[in-house]
Amino acid sequence: MARRRSTGRRPGPRREHPALLILCEGETEEAYFDGLRRHLRSTRPLSGRGPEPMVEVAKRTEGALIVREAMERRTEGYSEMWAVFDTEGEDVGALRRKARDTPCKGTEAAVETAVSHPCFEVWLLLHHMDRGRLTGCHTVRDTVRLLEQTVPEWAKGSKNRGRKGTDFADFAPGVERARRQGARTPRDRYDDYPWTDVHLVLDSLENHLAHRSD
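Okay, here's the thing in structure tokens:
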């Protein structure tokens, strides 16, 4: 998949980096998080006008490579970094522990992980339904099919003129529902039970936007 331009404000020479970076797999996640960032900024009072968080598509889509890229960028001046990726049915427990337990030196940022099993579409579905209805989402194909049935205008990728895609407006009314459902879903299970902890990124992004300083 071709890499798109970052949807956040990219710092130039001699400018401060945004305090938070979300590094994700592809255009679906990028479109969602960029819309979420705008949504939170418009609905929450801000205490300051500090730098905006950034959303970027990673160079590679495999979870291990997203984490590696994030860890290689820890010295870029971010105070918080999120690697967002799917399990696609694989056990990523060791990868998550590696990111969590790798010590930071000096001003290096910690790398947090937000994972969906088997795929990010589980998180999107929780905007529209309770977690108990996800029992049939054993594979990526099952999950994508259910989301297509639930949100007819949705498709993988960003929504462009004339074609379906990921439009945050289709999910905005269900953000709080998704947060609650995600928080109640058991994590780090690698059987057929779908789960996600992307709500942690929502919590972090909301906190960052609410406490930016001048």
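Read in order, the letters of the sequence shown correspond to residues 402 to 615 in the numbering used here. In this text, a Cβ means the ideal position worked out from N, Cα and C, and glycines have one as well.
State the DSSP-derived secondary structure class of residue i, mapped to helix, strand or coil.
i: Arg411; result: Because the pLDDT at Arg411 is just 44, under 50, the model does not fix this residue reliably, and the point stays unresolved.
i: Asp487; result: strand
i: Ser394; result: Shown here, the chain extends from 402 to 615; a query on residue 394 therefore has no answer.
i: Glu417; result: Unreliable positioning characterises Glu417 in this predicted model, as indicated by a pLDDT of 48, which lies under 50. The coordinate reading is nonetheless provided below. Three-state result, Glu417: coil.
i: Glu477; result: helix
i: Thr597; result: strand
i: Thr551; result: helix
i: Thr567; result: strand
Where do the N-terminal and C-terminal ends of the beta strand (DSSP E) with residue i fall, by residue?
i: Thr424; result: It should be pointed out that residue 424 corresponds to Leu in this sequence rather than to Thr. Its beta strand (DSSP E) spans residues Leu421 to Cys425.
Relative to the C-alpha of residue i, which residue among the options is closest?
i: Val599; options: Ala579, Ala611 and Arg469; result: Ala579
i: Val493; options: Thr429, Ala584 and Asp589; result: Asp589
i: Leu603; options: Gly575, Asp592 and Pro595; result: Gly575
i: His612; options: Pro587, Cys538, Ala465 and Arg442; result: Arg442
Measure the Cβ-Cβ separation of residue i and residue j and say whether it is below 9 Å.
i: Pro519; j: Asp568; result: no
i: Pro454; j: Ala420; result: yes
i: Tyr594; j: Gly490; result: no
i: Trp596; j: Arg532; result: yes
i: Leu527; j: Leu547; result: no
Which stretch, first to last residue, makes up the alpha helix (DSSP H) that contains residue i?
i: Val576; result: Val576 to Arg585
i: Glu457; result: Careful: Glu457 lies outside any alpha helix (DSSP H), inside the beta strand (DSSP E) at Met455 to Val458.
i: Asp502; result: Gly494 to Asp502
Runs of beta strand (DSSP E) lying entirely within the segment 505 to 536, each at least 3 residues, in chain order: 512 to 518
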